[in-house]
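Enquirer:
Protein chains: 2
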Amino acid sequence: MFEVWAPYATLVEVHTDAHTGDGKTALTRDTAGWWRGPGGIHGLDYAFHVDGDGPFPDPRTRRQPYGVQGPSRFYEHGRYTWGDHDWHGRDLRGSVIYELHVGTFSAEGTFHGVIGKLDHLVGLGVDFVELLPTPPTPGDRNWGYDGVDLYAVNEVYGGPDGLKDLVDACHRAGIGVILDVVYNHLGPSGNYLAKFGPYLHSYKGSYWGDAVNLDGPDSDEVRRYFIENALQWLRDYHIDGLRLDAVHALHDKRAVHFLEELSAEVDALSTAVGRPLTLIAESDLNDPRMVTPREAGGLGMQAAWDDDVHHALHAAVTGERHAYYSDFGSLAVLAKVLTHAYLHDGSYSSFRRRSHGRPAQHVPGYRFVVAAQNHDQIGNRPEGDRMAADQLWLAAGLLLTSPFTPMLFMGEEWGASTPFYFFTDHFEASLAAGEAERREREFKDFGYDWKAPDPQDEDAFLRSKLKWDEVAEDAHTSLLGWYRDLIALRKSYPELADSRLDRVAVEFDEEARWIVVSRGSLRVAANLGDFSTPVRLSPGSVLLASDDNIRFEGEDLCLPGRSLAIIQFAR
Amino acid sequence: MFEVWAPYATLVEVHTDAHTGDGKTALTRDTAGWWRGPGGIHGLDYAFHVDGDGPFPDPRTRRQPYGVQGPSRFYEHGRYTWGDHDWHGRDLRGSVIYELHVGTFSAEGTFHGVIGKLDHLVGLGVDFVELLPTPPTPGDRNWGYDGVDLYAVNEVYGGPDGLKDLVDACHRAGIGVILDVVYNHLGPSGNYLAKFGPYLHSYKGSYWGDAVNLDGPDSDEVRRYFIENALQWLRDYHIDGLRLDAVHALHDKRAVHFLEELSAEVDALSTAVGRPLTLIAESDLNDPRMVTPREAGGLGMQAAWDDDVHHALHAAVTGERHAYYSDFGSLAVLAKVLTHAYLHDGSYSSFRRRSHGRPAQHVPGYRFVVAAQNHDQIGNRPEGDRMAADQLWLAAGLLLTSPFTPMLFMGEEWGASTPFYFFTDHFEASLAAGEAERREREFKDFGYDWKAPDPQDEDAFLRSKLKWDEVAEDAHTSLLGWYRDLIALRKSYPELADSRLDRVAVEFDEEARWIVVSRGSLRVAANLGDFSTPVRLSPGSVLLASDDNIRFEGEDLCLPGRSLAIIQFAR
Numbered sequence: 001m002f003e004v005w006a007p008y009a010t011l012v013e014v015h016t017d018a019h020t021g022d023g024k025t026a027l028t029r030d031t032a033g034w035w036r037g038p039g040g041i042h043g044l045d046y047a048f049h050v051d052g053d054g055p056f057p058d059p060r061t062r063r064q065p066y067g068v069q070g071p072s073r074f075y076e077h078g079r080y081t082w083g084d085h086d087w088h089g090r091d092l093r094g095s096v097i098y099e100l101h102v103g104t105f106s107a108e109g110t111f112h113g114v115i116g117k118l119d120h121l122v123g124l125g126v127d128f129v130e131l132l133p134t135p136p137t138p139g140d141r142n143w144g145y146d147g148v149d150l151y152a153v154n155e156v157y158g159g160p161d162g163l164k165d166l167v168d169a170c171h172r173a174g175i176g177v178i179l180d181v182v183y184n185h186l187g188p189s190g191n192y193l194a195k196f197g198p199y200l201h202s203y204k205g206s207y208w209g210d211a212v213n214l215d216g217p218d219s220d221e222v223r224r225y226f227i228e229n230a231l232q233w234l235r236d237y238h239i240d241g242l243r244l245d246a247v248h249a250l251h252d253k254r255a256v257h258f259l260e261e262l263s264a265e266v267d268a269l270s271t272a273v274g275r276p277l278t279l280i281a282e283s284d285l286n287d288p289r290m291v292t293p294r295e296a297g298g299l300g301m302q303a304a305w306d307d308d309v310h311h312a313l314h315a316a317v318t319g320e321r322h323a324y325y326s327d328f329g330s331l332a333v334l335a336k337v338l339t340h341a342y343l344h345d346g347s348y349s350s351f352r353r354r355s356h357g358r359p360a361q362h363v364p365g366y367r368f369v370v371a372a373q374n375h376d377q378i379g380n381r382p383e384g385d386r387m388a389a390d391q392l393w394l395a396a397g398l399l400l401t402s403p404f405t406p407m408l409f410m411g412e413e414w415g416a417s418t419p420f421y422f423f424t425d426h427f428e429a430s431l432a433a434g435e436a437e438r439r440e441r442e443f444k445d446f447g448y449d450w451k452a453p454d455p456q457d458e459d460a461f462l463r464s465k466l467k468w469d470e471v472a473e474d475a476h477t478s479l480l481g482w483y484r485d486l487i488a489l490r491k492s493y494p495e496l497a498d499s500r501l502d503r504v505a506v507e508f509d510e511e512a513r514w515i516v517v518s519r520g521s522l523r524v525a526a527n528l529g530d531f532s533t534p535v536r537l538s539p540g541s542v543l544l545a546s547d548d549n550i551r552f553e554g555e556d557l558c559l560p561g562r563s564l565a566i567i568q569f570a571r
Numbered sequence: 001m002f003e004v005w006a007p008y009a010t011l012v013e014v015h016t017d018a019h020t021g022d023g024k025t026a027l028t029r030d031t032a033g034w035w036r037g038p039g040g041i042h043g044l045d046y047a048f049h050v051d052g053d054g055p056f057p058d059p060r061t062r063r064q065p066y067g068v069q070g071p072s073r074f075y076e077h078g079r080y081t082w083g084d085h086d087w088h089g090r091d092l093r094g095s096v097i098y099e100l101h102v103g104t105f106s107a108e109g110t111f112h113g114v115i116g117k118l119d120h121l122v123g124l125g126v127d128f129v130e131l132l133p134t135p136p137t138p139g140d141r142n143w144g145y146d147g148v149d150l151y152a153v154n155e156v157y158g159g160p161d162g163l164k165d166l167v168d169a170c171h172r173a174g175i176g177v178i179l180d181v182v183y184n185h186l187g188p189s190g191n192y193l194a195k196f197g198p199y200l201h202s203y204k205g206s207y208w209g210d211a212v213n214l215d216g217p218d219s220d221e222v223r224r225y226f227i228e229n230a231l232q233w234l235r236d237y238h239i240d241g242l243r244l245d246a247v248h249a250l251h252d253k254r255a256v257h258f259l260e261e262l263s264a265e266v267d268a269l270s271t272a273v274g275r276p277l278t279l280i281a282e283s284d285l286n287d288p289r290m291v292t293p294r295e296a297g298g299l300g301m302q303a304a305w306d307d308d309v310h311h312a313l314h315a316a317v318t319g320e321r322h323a324y325y326s327d328f329g330s331l332a333v334l335a336k337v338l339t340h341a342y343l344h345d346g347s348y349s350s351f352r353r354r355s356h357g358r359p360a361q362h363v364p365g366y367r368f369v370v371a372a373q374n375h376d377q378i379g380n381r382p383e384g385d386r387m388a389a390d391q392l393w394l395a396a397g398l399l400l401t402s403p404f405t406p407m408l409f410m411g412e413e414w415g416a417s418t419p420f421y422f423f424t425d426h427f428e429a430s431l432a433a434g435e436a437e438r439r440e441r442e443f444k445d446f447g448y449d450w451k452a453p454d455p456q457d458e459d460a461f462l463r464s465k466l467k468w469d470e471v472a473e474d475a476h477t478s479l480l481g482w483y484r485d486l487i488a489l490r491k492s493y494p495e496l497a498d499s500r501l502d503r504v505a506v507e508f509d510e511e512a513r514w515i516v517v518s519r520g521s522l523r524v525a526a527n528l529g530d531f532s533t534p535v536r537l538s539p540g541s542v543l544l545a546s547d548d549n550i551r552f553e554g555e556d557l558c559l560p561g562r563s564l565a566i567i568q569f570a571r
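So the protein sequences, as listed, match chains F and Y. So the first sequence is numbered by the working numbering: it starts at 1 and just counts up by one. So the second sequence is numbered by the working numbering: it starts at 1 and just counts up by one.
1) Leucine 179/F and tryptophan 143/F - do their beta-carbons sit closer together than 8 Å?
2) Can you tell me where the beta strand (DSSP E) with histidine 49/F in it begins and where it stops?
3) How far does the alpha helix (DSSP H) with serine 350/Y in it reach, from first residue to last?
4) Would lysine 253/Y count as contacting chain F if we go by Cβ distances under 8 Å?
5) Take valine 153/F and list the residues in its own chain whose beta-carbon comes closer than 6 Å to its own, dropping the five residues that flank it on each side.
6) Let me confirm a value: valine 122/Y is counted as buried when at least 16 other C-beta atoms fall within 10 Å, else exposed. Which label applies?
7) Taking its Cβ as the centre, do 16 or more other Cβ atoms sit within 10 Å of lysine 465/F, making it buried, or is it exposed?
8) Can you name the residues that DSSP bridges to aspartate 509/Y?
9) Between which residues of its own chain and serine 355/Y is the CB-CB distance below 8 Å, once the five residues before and five after are set aside?
10) Below 9 Å on C-beta distance, what does histidine 248/Y contact in chain F?
11) For threonine 8/F and tyrosine 483/Y, what's the separation of their Cα atoms in angstroms?
12) Note down, in chain order, every chain Y residue with its Cβ under 8 Å from the Cβ of asparagine 286/F.
13) On a Cα-Cα basis, can you pick out the residue from Leu462/Y, Pro494/Y, Arg243/Y, Phe196/Y that is closest to valine 222/Y?
14) Valine 156/F and valine 167/F: beta carbons closer than 8 Å?
15) According to DSSP, what are the bridge partners of threonine 278/Y?
16) Which of the three DSSP states is assigned to asparagine 527/F in this structure?
17) Below 7 Å on C-beta distance, what does serine 355/F contact in chain Y?
18) Got a sec, what are the start and stop residues for the beta strand (DSSP E) glutamate 99/F sits in?
19) For the pair the stretch 552–563 of chain F and the stretch 530–541 of chain F, tell me if three or more CB-CB distances fall below 8 Å.
20) Cβ closer than 7 Å: which chain F residues qualify as neighbours of arginine 358/Y?
21) Would you check if there are 3 or more beta carbon pairs closer than 8 Å linking the stretch 40–51 of chain F to the stretch 228–242 of chain F?
22) To the nearest angstrom, how far is the alpha carbon of aspartate 530/F from that of methionine 301/F?
23) Could you check if tryptophan 82/F is buried or exposed, using at least 16 other CB atoms within 10 Å of its CB as the buried criterion?
24) Based on Cα-Cα distance, which residue from Thr271/F, His85/F, Leu124/F, Asp267/F lies nearest to histidine 171/F?
25) Establish whether the CB of proline 217/Y and some CB of chain F are separated by less than 8 Å.
26) Roughly how far, in whole angstroms, is the beta-carbon of serine 263/F from the beta-carbon of leucine 242/F, given that I think they are within contact range, below 8 Å?
27) Short check: CB of alanine 312/Y to CB of leucine 285/Y, under 8 Å?
28) Relative to the alpha-carbon of proline 71/F, which residue among Tyr46/F, Tyr80/F, Ser518/F has its alpha-carbon at the smallest distance?
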């Protein structure tokens, strides 16, 4: 059966010899604007014509074997044989997430390439992998945020079966899968949704593109398009959670916000499939309503990204203060975010030039996904560079003992030497030229020169691929061991993952640059300065230390410069 | 002292010989972008120049003696002598509001003209008058929604002292005053705010004009501009409440919404002045969060307009079904709104072509301000015409016995024969031409020809003035008595104003067109059809009847066509 929603069309045709445009068959409209016709079997290529215009891919195409400009291909979910019967899902509570980009994670740059590295992830101890978006994108390489055909899977990565293979393998390895999905805009190329219906608001949007029509005329069906997309991943791909890109760019004034509606639908599916299903919002609103349960007037997300924690960690560890780091960097700010989740909980944000956010200390910490690095915070730097190894030792120690849900970025765990550049593969000349120009302009606004390769240059992509060989090198192995130990410790001592923010106590000395975070019977003591410093602490045993020279001298813990230890108190 | 906020300016000058532009004095900037200088006494005319451009009125001007394009005049609130010491304010609960437009309410068209009619309002029994907006507007006549200089009072109506005289007189007569204020846009003429600072978002707005910058860079001070404006009316003008125009056109994604911040400030002032202060939102969002207390996650408005009740009443009584009345008209819908406040509490709205709203039955009914007529619902009709008298008898009977806060529109209470047209007095040719053109286009979209006079034609204004002589005519006197009796009854029987929506029970017969609304021991029985009908009711006493022929025959109440009675049950 062919079916497509095109409420304003007067003629919708399907043809299955899609490359020539011959052999068109008219579909029949129902009163709700859906057009249907018999036909369609697994593997058949087809495309639609709307009022004589076309061919266009199916808005709900599950396969785009020829890319974003080509015809669609029928794909039946039921033909896949799953082997993850022993997987019963897992909750975000107590978990560690690992964010990765399929194209650059492995040499192959495919889902199967990720499968080949699962042993590494199991050894590391992470609970979820989070995939950057996997829809069809222009050309052969893209972060994923230029996606279109949102129900399909990028063929470059291995298409629908490849993604299912990866999910299946993850589940058999005891790892959950979170998929990054983009519902706030569509990619600049291959987006034919507007030919079919009022999917987009042309008059409001972000700089990524037109906003999605969530509250205008005929938006009920547009909302269904996105909600059923979410349900497809969770149901038909056995995905465990979705990371919703930039929800602050969703424009919706309805009394029932799109996210609340989505959350209700996902909860219903969770009950039906008997697995926890998780929604994580990327939001820069610092609004606890995002993660407040629906029955308490919230939007019902299980969690939200919390960039304030990233900024506080990053600025404290690296000393950087440019652009959005301007309010961050002090230990006082680090202490604030570790105990209150947000620095900006109503306070003035210099970067935004206005006050921002509201208090969130009552929210359980696991509802905030925090990172020392992520794709944006590396890839959107003018040089696409990662934190130095000595910075990662400290950042990881603070991150993985925090009351939040920690997320690592691929390669961070061994201090990968490879950058993560922004890369694209547009074939339209204007888009190709625009990416570099836009980047340069953006960074100039922050007073930086863009020094990364032109995003269109294949080199930007190739140089971003992880070099797995380097894991075996001493310095990298040692850092990897630190990450493994920290994750293992977090799982052995529940007080480290305790999400009650009002139970976190922090002491620090801004001058001496030491900070001590109390987590139940444990103390995380870090010296972020370059010089050795004593910290007065009741004696205890050193559970984990980044430096062999960390030791107690009487009641003083001696912390060499740039070191961190986790101490268990003798109560 | 002169002071003005102009954060991006490099030179701000004031001059007090404002008509010639001579005699400019530079002000001094502080770090927050405020410019100040000595000088300024009550009655002095002045204007500002920004970076050599000007003269412009003060954004916070309290007087504009020469209109929206002229200089400002110093005005000290403390010079006014108040006589309302016995007024301690009043709460919205149990109140009836009376909406009026100062320019057309009386022959004089001034605040003093309104004072001359206060006896009428006292006799009618209303608790609040609600004034259409009173800021300076272009020319001599305007509804008020084209206002600029939001801290000033239209000189055509009598300026600041005139408004204070009216408030003072109302209070001494035992009547509260609600002022309609427009914070979602500014008028198209005389708006120089953008010369001073980032007051407006040029990239988003409504068709009335650019949106106000409530969440962009430097918006803290913009929010203060509007919040302090609200406080000025409530504090310095002794106003009792504000009606906030079209809050759905406020664009604010902050975690603390502008309305929540405003509500907190007004509550604090209420505590300080020891009077109840009321915020009423005009909102088409059907979102109970608007009137949910802040401490329960809401925006903290005391009340919101509820057009669903208007539409249900209007369509049921008049039989009209065009445009936004399309989902309304049945007695089932009337029953729904009387018991649930909203028809659209998640259901599909044909007019919006999407589902709309969320349930609100838990909200006390007094938080919904409802009307059978208001300035919009008359003035935005193609002929600016009011309901016919026989319709008003029924509508008033249902409205004034409802669990909501009823609002009347000036003249409604005697079935005024005068229309209420849309009128303007623009002097820019493009604006002048645009008003008629826009109206015609809008109404064409709804399938109507615009038949009212050209808004620019003074006749549109003059013909909209109430004719007070007609009150003495029999038909009008009789309707006026009905309104008086209904209001008096509402105040004598608290069950009529009981705000618990789940205590309202409604029975009806769609075919026979009768409806019975149970309000405690009272029954409001109405026959909206043209033909007499019996209604089975346990016998009781007729407290009030629109028709002398209403009587019990055994257990049947006989209701002639187009009649309504209020019955007290023998329990």
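All C-beta atoms, glycine included, are put in the ideal place defined by N, C-alpha and C. Just so we're clear, the structure is a prediction, and the values are computed from it rather than from any experiment.
Expert: Walking through what the data contain:
1) If you number the first sequence from 1, residue 143/F lands on position 143. If you number the first sequence from 1, residue 179/F lands on position 179. No. Outside cutoff.
2) Within the first sequence, numbered from 1, the residue matching residue 49/F stands at position 49. Histidine 49/F: member of the beta strand (DSSP E) spanning 45–50, first to last residue.
3) Here residue 350/Y corresponds to residue number 350 of the second sequence, with the count starting at 1. Counted as a single uninterrupted DSSP element, the stretch harbouring serine 350/Y is not any alpha helix (DSSP H), since DSSP gives it neither H nor E.
4) Within the second sequence, residue 253/Y is the residue found at index 253, counting from 1. Closer than 8 Å to some Cβ of chain F, the Cβ of lysine 253/Y qualifies, so yes.
5) Along the first sequence, read from residue 1 onward, the residue named residue 153/F stands at position 153. These residues qualify, in order along the chain: Thr134, Gly159, Pro160, Leu163.
6) Numbered from its first residue, the second sequence carries residue 122/Y at position 122. Counting C-beta atoms within 10 angstroms of its own C-beta, valine 122/Y has fewer than 16 neighbours from the protein chains shown and is therefore classed as exposed.
7) Locating residue 465/F in the first sequence gives position 465, where the first residue counts as 1. By the neighbour-count definition (other C-beta atoms within 10 Å, threshold 16), lysine 465/F is a buried residue.
8) Numbered from 1 along the second sequence, position 509 holds the residue referred to as residue 509/Y. Paired residue(s): Trp514/Y.
9) The residue you call residue 355/Y lines up with position 355 of the second sequence. Closer than 8 Å at Cβ, skipping near neighbours: His344, Gly346, Ser347, Tyr348, Ser349.
10) Position 248 of the second sequence, counted from the first residue, corresponds to residue 248/Y. Within 9 Å Cβ-Cβ: Lys253.
11) Position 8 of the first sequence holds residue 8/F. Position 483 of the second sequence holds residue 483/Y. The question names threonine, yet the displayed sequence has tyrosine at residue 8/F. Distance from the CA atom of tyrosine 8/F to the CA atom of tyrosine 483/Y, rounded to whole angstroms, is 48 Å.
12) In the first sequence, counting from the first residue as 1, residue 286/F sits at position 286. Here the neighbours are Ala255.
13) Within the second sequence, numbered from 1, the residue matching residue 222/Y stands at position 222. If we check each option's Cα against that of valine 222/Y, Phe196/Y comes out closest.
14) The residue you call residue 156/F lines up with position 156 of the first sequence. The residue you call residue 167/F lines up with position 167 of the first sequence. The answer is no: Cβ separation not under 8 Å.
15) The residue you call residue 278/Y lines up with position 278 of the second sequence. Bridge partners of threonine 278/Y: Gly241/Y.
16) Taking the first residue of the first sequence as 1, we reach residue 527/F at position 527. Here asparagine 527/F sits in strand by DSSP.
17) The residue you call residue 355/F lines up with position 355 of the first sequence. What serine 355/F touches in chain Y: Asp220.
18) Within the first sequence, residue 99/F is the residue found at index 99, counting from 1. Annotation for glutamate 99/F: the continuous beta strand (DSSP E) segment containing it runs 97–100.
19) Yes: the two stretches touch, three or more of their Cβ pairs being nearer than 8 Å.
20) Here residue 358/Y refers to the residue found at position 358 when the second sequence is read from its first residue. For arginine 358/Y, the chain F residues whose C-beta falls within less than 7 Å of its own C-beta are Ala255, Val256, listed in chain order.
21) As far as the Cβ criterion goes, the stretch 40–51 of chain F does not touch the stretch 228–242 of chain F, which means the pair count is below three.
22) For the purposes of this step, residue 530/F is identified with residue 530 of the first sequence, where counting begins at 1. For the purposes of this step, residue 301/F is identified with residue 301 of the first sequence, where counting begins at 1. Those two C-alpha atoms are separated by around 40 Å.
23) For the purposes of this step, residue 82/F is taken as the residue at position 82 of the first sequence. Classification for tryptophan 82/F: exposed.
24) Here residue 171/F corresponds to residue number 171 of the first sequence, with the count starting at 1. Out of Thr271/F, His85/F, Leu124/F, Asp267/F, the CA that lies nearest to the CA of histidine 171/F is found in His85/F.
25) Locating residue 217/Y in the second sequence gives position 217, where the first residue counts as 1. True, the Cβ-Cβ gap to chain F drops below 8 Å.
26) For the purposes of this step, residue 263/F is taken as residue 263 along the first sequence, with counting starting at 1. For the purposes of this step, residue 242/F is taken as residue 242 along the first sequence, with counting starting at 1. 11 Å between Cβ atoms; not a contact.
27) Stepping through the second sequence from its first residue, residue 312/Y is reached at position 312. Stepping through the second sequence from its first residue, residue 285/Y is reached at position 285. Alanine 312/Y places its beta carbon 8 Å or farther from that of leucine 285/Y.
28) Looking up residue 71/F in the first sequence gives position 71. Here the closest residue by C-alpha is Tyr46/F.
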